[in-house]
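Report on one structure; see the data block that follows.
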Amino acid sequence: MPRSKRAQRVALTKTAKKTRDHKASYVETVREAIDASDRVYLFSYENMRSNHFKDVRLHFRGGSNKDAMSDGNDGGGSEGRIFLGKNKLLQIALGRTPEDEYADNLHRLSKVLSGSVGILCTTQPAKDVEKYFATLAVEDFARAGAVAPETVMLTKEQVETHPVSMVEQFRKLGLPVEVKNGRVAFVGGREEWEVCQEGKELSVEQCKILVHMGVKLATFKIGLVRRWEKDDGAVEEF
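Numbered per the working numbering, the sequence shown finishes at 221, counting up by one with no gaps.
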């Protein structure tokens, strides 16, 4: 009779213990940040870029030089702390149900804490926080796999501005170009060329072409989802 896998003993190594301790420490860090704050925001983000997110973190942390994609274990801050990237641990820290929530109504943030989201624990006034995020939008270059928000056509004037030494590189990316009268030009004298179509997924080559031409199709944005107030446990949805 085959031996049941359920009967096998699994050794709990030092690494496993360290992982458990780290998770418990993370949960405690989140709860300490909640204790030190007046309100907690659940936010979602689009087109995450670490260089832009660093500016957001600095806005609420007062000038820390730690890594932008912080998991919350990089020291204190007088105005706020941001946690993201560990949704299950954040749910545990907040509490998933009314019975195990860390404070009244925090489970209402926890139950929608999934996907590309994070939390901000802050002492800044609600109106200041919400005004900041309402105006936050930074254009950036799209990455491969993203869906093109619009159709992009390159003109002969755009390619003419590049040195002829780039012709071979452009050809490898799929651009139909040649050297004509000492300038980069489209093959056959065409006036324009389609780089991408709206609604279609961008390839690596298309993204590289867009970078060379300075065309930014992505926008880094953070949207507020819910706000929890410590003083009365009120939760507002955005």
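We put the beta carbon where it would ideally sit given N, CA and C, even for glycine.
Practice prompt. Using the Cα positions of Glu219 and Leu25, report the straight-line distance between them to the nearest angstrom.
Written response: Separation of Glu219 and Leu25 (C-alpha to C-alpha, rounded to the nearest whole angstrom) is 10 Å.
Practice prompt. With DSSP as the reference, please indicate the residues paired to Thr202 in a beta bridge.
Written response: Glu122
Discussion item. Is the beta carbon of Val162 closer than 7 Å to that of Val178?
Written reply: no
Worksheet entry | CB contact flag (Gly101, Leu156, <7 Å) | no
Worksheet item: In three-state DSSP terms, what is Tyr115?
Response: helix
Worksheet item: Beta-carbon separation of Arg173 and Arg22 under 7 Å?
Response: no
Discussion item. Rounded to whole angstroms, what is the Cα-Cα separation between Ala217 and Asp123?
Written reply: So the two alpha carbons sit approximately 36 Å from each other.
Fill in: For Lys191, the three-state DSSP class (helix, strand or coil)
Three-state DSSP puts Lys191 in a helix.
Item to complete: Within its chain, find whatever has a CB closer than 8 Å to the CB of Val130; leave out the 5 residues flanking it on each side and keep chain order.
Response: Gly182, Lys183, Glu184 and Leu185
Fill in: Cβ-based burial, Gln152 [other Cβ within 10 Å; buried from 16]
It counts as exposed.
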